[in-house]
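In full-length UniProt numbering, the protein residues as written are 1 to 129.
Glycine is no exception: its CB is placed at the ideal position from the N, C-alpha and C atoms.
Since this is a predicted model, take the numbers as computed values, not measurements.
Have a look at the structure below before the remarks.
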């Protein structure tokens, strides 16, 4: 059965898309730790990040770096945190989280945004790519 991220890649589930190319997709997390929390995924459904072929893995990291640089220009923060946890969805994903303090990385504190705020934020990040 396809993961929720594969359904997003296939357009079956909508997302607040930031960027994509033929291999990767970046979109805002709908249950964010902090404003701007973004997920970068390979379009190919691969359960574990270290099961990726090295070239594909390096491509995901390069893509994530590009998104992180745009995110840092868009959302006021001390830095962009990076996490790869992967237990909640069996599809490799890189979390990019704008950080004010360490609690932003703990996946326990969440923020809420309206649909309009998500859309405006995705557009603002796109404009900084």
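Which first and last residues belong to the beta strand (DSSP E) in which residue i is found?
{"i": "residue 99", "result": "94-99"}
{"i": "residue 81", "result": "79-83"}
How about residue i and residue j: are their beta carbons less than 9 Å apart?
{"i": "residue 105", "j": "residue 99", "result": "yes"}
{"i": "residue 121", "j": "residue 35", "result": "yes"}
{"i": "residue 56", "j": "residue 23", "result": "yes"}
{"i": "residue 2", "j": "residue 45", "result": "yes"}
{"i": "residue 4", "j": "residue 89", "result": "yes"}
What residues in its chain sit with their C-beta under 7 Å from that of residue i, if we drop five residues either side in the sequence?
{"i": "residue 48", "result": "86, 92"}
{"i": "residue 81", "result": "97, 99, 104, 105"}
{"i": "residue 78", "result": "99, 100"}
Excluding the 5 residues flanking residue i on each side, which residues of the same chain have their C-beta closer than 8 Å to its C-beta?
{"i": "residue 67", "result": "18, 19, 26, 38, 40, 96, 125, 129"}
{"i": "residue 119", "result": "16"}
Could you spell out where the alpha helix (DSSP H) holding residue i opens and where it closes?
{"i": "residue 59", "result": "54-74"}
{"i": "residue 118", "result": "115-127"}
Apart from the five residues just before and just after residue i, which ones in its own chain have a Cβ nearer than 6 Å to its Cβ?
{"i": "residue 83", "result": "95"}
{"i": "residue 8", "result": "15"}
Whole runs of the beta strand (DSSP E) within the stretch 1-50, excluding any shorter than 3 residues: 17-20, 24-28, 38-42
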